[in-house]
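See below for the structure under consideration.
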Amino acid sequence: VCKTADVAGRVESQVKLVIRPMYSNPPIHGASIVAAILRDR
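According to the working numbering, the sequence shown is numbered sequentially starting from 19.
Next up, the structure:
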């Protein structure tokens with residue numbers, strides 16, 4: 019996709035910075051859904 023290995027390395031670095039918080043800290047709405055289900059007894 020990138021023209022050079024240098025550019026590919028830079029893109030990879032930026033992608034890692036963006037996705038790291040996404041899988042390290044799951045979205046709060048997932049916890050909210052579980053809480054709502056467990057409260058509905």
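Even for Gly, the Cβ is constructed at its ideal location relative to N, Cα and C.
Where residue i sits in the DSSP three-state scheme
i: residue 21; result: coil
i: residue 45; result: coil
Distance CB(residue i)-CB(residue j) smaller than 9 angstroms
i: residue 33; j: residue 19; result: no
Rounded separation between residue i and residue j - CA only
i: residue 27; j: residue 38; result: 16 angstroms
i: residue 52; j: residue 45; result: 12 angstroms
i: residue 48; j: residue 22; result: 39 angstroms
i: residue 41; j: residue 31; result: 16 angstroms
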